[in-house]
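This report concerns only the one structure given below.
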Amino acid sequence: MQTSEGVRCAVPGSDVLGETPLWCEQTQSLLWLDIEQARLQRFHPASGRHDVWQFDERYLGTLALLRRPGRVLLGIDLALETFDLGTGAREKLCQVEPVGTDTRLNDGRCDSRGRLWVGTMDNQLARGSGSFYRVDPDGRVHRQFGDVIVSNTVALSPAEDRLYFSDTRRYITWRFGLDVAAGTLGPREVFVDYGGRGRPDGACVDSQGYLWNAIFAGGRVVRYAPDGTVDRVLTLPVSNPTCVCFGGPDLRTLYITTAQRFLTRAQLRAQPWAGSLLAVYLEVPGLAERRFGRD
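Right, here's the structure in full:
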């Protein structure tokens, strides 16, 4: 089954807070998280295989591919750890914020130098206690700025001269100049101001430099031109899309994670795909995911 927009259900599920889909070109598989059930998941479209790794911690907040095959980087509560998909071995890379802080890691993205740009967020969804960081391959953590409620929409332009970032609960997406060689951000400018009516969540950039942004509680994914104007709106049969990425052999499949969080029983009955992994085929391809670490 698919919608009039061409959206189909790729993996039926019940993710409380599905998030952070990433396409691994090496294995031709998609990885993503259920943040609130602390689950890492992998889907191999060619075989239909769906693997799930369960963790005992409270949150799995962010995910990145590693340059070393068969491993990923996970944001576990407030620490970053490497995880071996084959053996289950874990190794702590760094503690981003102190244990006991009422925050957690959230959305992040790697640059071509193998660094992770990642934010933290307030667990109460109201206070500006989160921050945004650059984490180097050796585990050094560099705070960029604070006063963040819910960090999201971390995405880089194809030339890596722009970085996008949203504070979901401030209803704004900003754009920063990025010097990728130095690993520094320029001044911020407003890219999209939702005026308190839209919650910008996870995003990715396609090969034309357009930003695809999931709008949580808005039932849509929006494609923004580089100047911030709306280019396309993809309506969805679920209220809570959370993040997007391009995958498939030609990077023309847009995968969309979704959430059941905040939905009533009546809404869940009316939205059977809520908490599932959705997909839609598009004409414009995406970009290969950049990986964490050194060669």
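Following UniProt numbering from start to finish, the sequence shown increments by one per residue and tops out at 295. Idealized CB from N, CA, C, for every residue including glycine. Note that the coordinates shown come from a computational prediction; the quantities given were computed from them, not determined experimentally.
Put simply, the backbone Cα of Gly70 is about 32 Å away from that of Asp167. A distance below 6 Å between beta-carbons, with the five flanking residues on each side excluded, links Gln95 to the following residues of its chain, in chain order: Ala79. Sequence-distant Cβ neighbours of Gln54 in its own chain, meaning closer than 6 Å and more than five residues away, are Arg39.
For Ala217, the closest of Cys110, Leu234, Arg261, Gly183 by C-alpha to C-alpha distance is Arg261. One Cα belongs to Arg170, the other to Met121, and the distance between them is close to 12 Å.
Looking at the DSSP output, Asn213 bridges to Ala203, Val222. Closest in alpha carbon position to Gly198, among Pro241, Leu268, Glu189, Thr257, is Pro241. For Gln95, the uninterrupted beta strand (DSSP E) run begins and ends at 90–95, by DSSP. CA-to-CA, the gap between Gly130 and Gly119 works out to about 7 Å.
As DSSP reads the structure, Thr257 sits in a beta bridge with Cys243.
Per DSSP, reduced to three states, the secondary structure at Thr87 is coil, with no helix or strand assignment. DSSP, read as helix, strand or coil, puts Glu189 in strand. In this structure, Gly75 keeps its C-beta atom at 9 Å or more from the C-beta atom of Thr87.
Relative to the Cα of Pro137, the nearest Cα in the group Phe43, Gly183, Arg220, Leu268 belongs to Gly183. For Glu289, the closest C-alpha among the options Asp227, Thr82, Arg113, Asp84 is that of Arg113. When the beta-carbon positions are compared, Leu60 and Leu73 stay at least 9 Å from each other.
Taking one beta carbon from each stretch, the segment 230–244 and the segment 267–276 have 3 or more pairs nearer than 8 Å; the two touch. Bounds of any beta strand (DSSP E) do not take in Gln271, whose DSSP letter is neither H nor E. Remark: C-beta atoms of Leu156 and Val190 do not approach each other more closely than 9 Å. With contacts defined by Cβ atoms closer than 9 Å, Glu36 and Leu17 form a contacting pair. Beta-bridge annotation (DSSP): Asp122 is paired with Thr103. When the Cα atoms are used, Asp56 and Leu277 turn out to be separated by approximately 23 Å. Under a 10 Å Cβ-count criterion, Phe145 is classified as exposed, with fewer than 16 other Cβ atoms of the shown protein chains found around its own Cβ.
Scanning Gln124, Cys243, Asp295 for the CA closest to the CA of Trp23 turns up Cys243. Here Pro12 has Ser276 as same chain residues with Cβ atoms under 6 Å from its own Cβ, once five neighbours each way along the sequence are excluded. Of Leu163, Leu263, Val222, the smallest CA-CA separation from Leu254 is found for Val222. For the options Ser47, Asn106, Cys9, Val99, the alpha carbon positioned closest to that of Leu33 is the one of Asn106. The closest CA to that of Ala279, considering only Gly196, Arg291, Arg220, is found on Arg220.
C-alpha of Trp212 to C-alpha of Gly128: approximately 25 Å in a straight line.
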